[in-house]
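Read the structure below first, then the notes.
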Amino acid sequence: MNLLQRALVFTGGHISRYQAVIAVNSVGKNARFYSTTDDNMAAPEESVVAKDEMKRFMVECMTKVGATESHATQLALVLLEGDIRGHYSHGLNRLDMYVRDIEQNVCKGDGEPIILKEKAGTAWVDGNNLLGPVVGNFCMDLAIEKAKNAGIGWVVAKGSNHYGIAGWYALRAMKKGMLGMSMTNTSPISFPTRSAVPALGTNPISLAAPGTGDDSFVLDMASTTVAIGKVELAARKENPVPLSWGVGEGGKETTDPTKVLYGGGLLPLGGVEVSGGYKGYGLSSMIEIFCGILAGAHWGPHVRKWMSTKSEADLGQCFVAIDPEAFAPGFADRLQDFMQTMRALPTSSPSFKVEVAGDMERRHEALVEQLGGIPYHKNQITFVNDLAAKLGVKTVDLVQ
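Residue numbers (numbering that gives the first Met the number 0): 0 to 399.
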């Protein structure tokens with residue numbers, strides 16, 4: 000399936016072939032057409048890898064460098080979910096970072112998180128410098144159990160590492176009939192409004208809430224305009240980026256992803272000050288308070304630099320589970336009514352539909368099922384082959 004066909008799939012067939020061509024062409028003109036997944040940036044040259052095959056590869060890579068199979072599997076499932084939902088910046092694209100952290104002994108591949116302090120609805124956890132998904136799963140499961148008894152479970156962790164997509168943990172609570180929230184701080188790569196240097200991370204936040212049937216509201220977003228992984232993907236695919244994404248050295252806007260990655264950084268959600276970037280800066284600060292500061296972890300500019308292996312990450316993370324039954328009855332029905340009301344709103348163009356958070360990710364999940372696997376850009380497959388050769392593991396077999 001080429002990019003044009005996928006453009007039609009992503010919009011549910013609600014755009015004409017001509018409009019799809021315009022959408023695809025806009026990618027090369029520094030514009031984003033789809034707002035919640037990275038798939039629009041993929042080139043027509045792509046290969047499909049079965050989900051189980053990619054999971055096998057990820058697990059083998061991690062166990063090869065010293066992670067236990069249990070920890071490697073927890074990581075692989077999170078990365079796989081990122082790609083399945085269309086968030087390619089936080090899937091396979093991140094694997095070499097985890098490999099490097101284990102290889103260089105700045106992250107542990109075995110062990111368990113430790114509860115340092117807890118009350119009926121809260122807990123403070125030491126992640127014991129384990130892989131982020133191991134810490135995240137432990138903390139969200141703890142929050143869920145507390146919410147069953149107290150109505151809400153609020154757990155913060157220090158001593159953690161990069162944990163993949165925030166939505167994985169929010170969805171973990173939602174699958175138990177609860178509202179789930181997850182937040183993390185990250186390496187300082189975002190320029191606070193008016194700053195000439197980076198001092199905050201992408202600091203993502205997610206909320207997952209169950210509607211009726213299989214429907215749901217799933218917000219999963221960075222507090223920067225985009226996650227750094229999207230800039231990395233643009234650089235890997237040799238694509239420019241929109242001005243609102245990032246800045247070069249000294250805080251000057253740029254469309255060159257390499258300038259953003261080397262010497263520059265990201266802009267807060269909203270971009271520069273005149274377009275509301277100060278609000279993204281405030282949101283990122285709020286997440287930092289709930290994560291690094293509340294958990295007693297590193298925070299802001301004290302978190303290690305992006306991709307550095309000179310020290311432990313010591314990320315702070317926050318996990319919340321809320322039992323809707325502890326509040327007004329009929330939550331799922333009201334949420335469903337809200338989502339349907341939004342989707343039924345008159346549109347500014349007959350070519351599009353109003354959607355709610357999670358709709359586009361569900362379409363990408365359907366696309367993966369339709370293709371019999373996850374579509375990857377040719378450069379991502381090259382990355383897989385190179386990593387396989389480096390570690391001495393079997394590379395992936397392609398569906399097509």
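Each residue gets a CB set at the ideal place from its N, CA and C atoms; glycine is no exception.
First and last residue of the uninterrupted alpha helix (DSSP H) at residue i
{"i": "Leu397", "result": "Neither: Leu397 is in no alpha helix (DSSP H) and is coded neither H nor E."}
{"i": "Ser283", "result": "Gly276 to Glu287"}
{"i": "Thr340", "result": "Phe330 to Arg342"}
{"i": "Met173", "result": "Gly166 to Met173"}
{"i": "Ile143", "result": "Gly131 to Ala149"}
{"i": "Met359", "result": "Asp358 to Leu370"}
Pairwise C-alpha distance: residue j and residue i
{"i": "Met402", "j": "Ala388", "result": "This structure does not reach residue 402, given that the chain is present from 0 up to 399, and the question cannot be answered."}
{"i": "Arg84", "j": "Gln103", "result": "30 Å"}
{"i": "Lys147", "j": "Gly315", "result": "24 Å"}
{"i": "Thr35", "j": "Glu80", "result": "Interpretation of Thr35 is limited by its pLDDT of 37, a score under 50 that renders its predicted location unreliable; the figure taken from the coordinates is listed afterwards. The straight-line gap from Cα to Cα measures roughly 15 Å."}
{"i": "Tyr33", "j": "His363", "result": "Confidence in Tyr33 is poor, its pLDDT being 31 and thus under 50, which makes the residue's placement unreliable; the coordinate value appears in the next sentence. If I take the Cα positions, the gap works out to 12 Å."}
{"i": "Gly158", "j": "Ala75", "result": "20 Å"}
{"i": "Ile380", "j": "Gly391", "result": "16 Å"}
{"i": "Ser243", "j": "Gly269", "result": "8 Å"}
{"i": "Glu44", "j": "Ser350", "result": "27 Å"}
{"i": "Glu368", "j": "Met359", "result": "14 Å"}
{"i": "Glu324", "j": "Asn384", "result": "49 Å"}
{"i": "Lys54", "j": "Thr72", "result": "8 Å"}
{"i": "Ala233", "j": "Lys116", "result": "43 Å"}
{"i": "Gly210", "j": "Gly357", "result": "12 Å"}
{"i": "Ala169", "j": "Lys175", "result": "10 Å"}
{"i": "Ser88", "j": "Arg235", "result": "11 Å"}
{"i": "Tyr277", "j": "Ile286", "result": "14 Å"}
{"i": "Lys251", "j": "Gly329", "result": "49 Å"}
{"i": "Asn29", "j": "Lys258", "result": "In this predicted model, Asn29 has a pLDDT of only 31, less than 50, meaning its place in the structure is not dependable enough to derive any value."}
{"i": "Ile227", "j": "Lys304", "result": "13 Å"}
{"i": "Trp155", "j": "Gly179", "result": "The identity of residue 155 in the sequence shown is Val, whereas the question assumes Trp. Using only the alpha carbons, I get a separation of about 14 Å."}
{"i": "Val105", "j": "Arg342", "result": "46 Å"}
{"i": "Gly295", "j": "Leu397", "result": "45 Å"}
{"i": "Arg171", "j": "Asp140", "result": "8 Å"}
{"i": "Asp255", "j": "Lys229", "result": "13 Å"}
{"i": "Glu59", "j": "Asp95", "result": "12 Å"}
{"i": "Ser205", "j": "Phe326", "result": "21 Å"}
{"i": "Thr201", "j": "Leu293", "result": "18 Å"}
Residue from the options with nearest C-alpha to residue i
{"i": "Gly291", "options": "Ser274, Gly279, Phe318 and Asp214", "result": "Phe318"}
{"i": "Val47", "options": "Lys377, Gly81 and Met57", "result": "Lys377"}
{"i": "Arg93", "options": "Ser347, Pro349 and Glu231", "result": "Glu231"}
{"i": "Gly281", "options": "Gln73, Pro191 and Met173", "result": "Pro191"}
{"i": "Lys402", "options": "Leu78, Cys106, Val64 and Ile101", "result": "Limits of the chain in this structure are 0 at one end and 399 at the other, which puts residue 402 out of reach."}
{"i": "Gly65", "options": "Glu45, Ile286, Val98 and Thr346", "result": "Val98"}
{"i": "Thr340", "options": "Ser347, Val353 and Asp358", "result": "Val353"}
{"i": "Arg193", "options": "Gly249, Ile321 and Thr62", "result": "Gly249"}
{"i": "Asp82", "options": "Lys393, Trp305, Met306 and Arg361", "result": "Arg361"}
{"i": "Glu68", "options": "Val367, Lys107, His86 and Met96", "result": "Lys107"}
{"i": "Asp109", "options": "Lys118, Leu130 and Ala294", "result": "Leu130"}
{"i": "Gly275", "options": "Met61, Thr224, Thr253 and Lys258", "result": "Thr224"}
{"i": "Ala207", "options": "Asp95, Asp322, Gly295 and Ala156", "result": "Asp322"}
{"i": "Ile101", "options": "Arg171, Val395 and Thr308", "result": "Thr308"}
{"i": "Ala320", "options": "Gly247, Ser310, Ser348 and Glu144", "result": "Glu144"}
{"i": "Glu311", "options": "Asn128, Ile373 and Gly245", "result": "Asn128"}
{"i": "Phe382", "options": "Pro374, Gly372, Thr394 and Gly371", "result": "Thr394"}
{"i": "Met338", "options": "Glu237, Val355, Ile113 and Ser347", "result": "Val355"}
{"i": "Met306", "options": "Ile188, Glu111, Gly90 and Lys118", "result": "Ile188"}
{"i": "Ile114", "options": "Leu91, Ala142 and Gly245", "result": "Ala142"}
{"i": "Val246", "options": "Asn238, Glu237 and Leu260", "result": "Leu260"}
Residue i: first and last residue of the uninterrupted beta strand (DSSP E) it sits in
{"i": "Tyr375", "result": "Ile373 to His376"}
{"i": "Gln316", "result": "Leu314 to Ile321"}
{"i": "Ala122", "result": "Thr121 to Asp125"}
{"i": "Ile116", "result": "Per the sequence presented here, residue 116 reads as Lys, with Ile not at that position. Unbroken beta strand (DSSP E) run through Lys116: Ile113 to Glu117."}
{"i": "Leu178", "result": "Leu178 to Thr183"}
Minimum Cβ-Cβ distance from residue i to chain C less than 7 Å
{"i": "Lys118", "result": "No chain C appears in the structure shown, which is made up of a single protein chain."}
Please go through the segment 202-233 and give each complete beta strand (DSSP E) segment of 3 or more residues, from N-terminal end onward. Within the segment 202-233, the complete beta strand (DSSP E) runs of at least 3 residues are 204-209 and 215-220.
Are three or more beta carbon pairs between the segment 298-313 and the segment 197-210 nearer than 8 Å? Contact between the segment 298-313 and the segment 197-210 is present: 3 or more CB-CB pairs across the two stretches fall below 8 Å.
Check whether the segment 246-265 and the segment 118-134 are in contact - that is, three or more C-beta pairs closer than 8 Å. no
With a threshold of 8 Å, are at least 3 pairs of Cβ atoms found where one atom belongs to the segment 159-172 and the other to the segment 219-228? yes
Are the segment 134-153 and the segment 174-194 in contact at 8 Å, needing three or more beta carbon pairs? yes
Minimum length 4: unbroken alpha helix (DSSP H) runs contained in the segment 49-93: 50-63 and 68-83
State whether the segment 151-163 contacts the segment 330-341, with contact taken as three or more CB pairs (one from each stretch) at a distance under 8 Å. no
Can you give, in chain order, each stretch of the alpha helix (DSSP H) that sits fully within the segment 233-260 and has at least 4 residues? At a cut-off of 4 residues, the continuous stretches assigned as alpha helix (DSSP H) that sit fully inside the segment 233-260 are 256-260.
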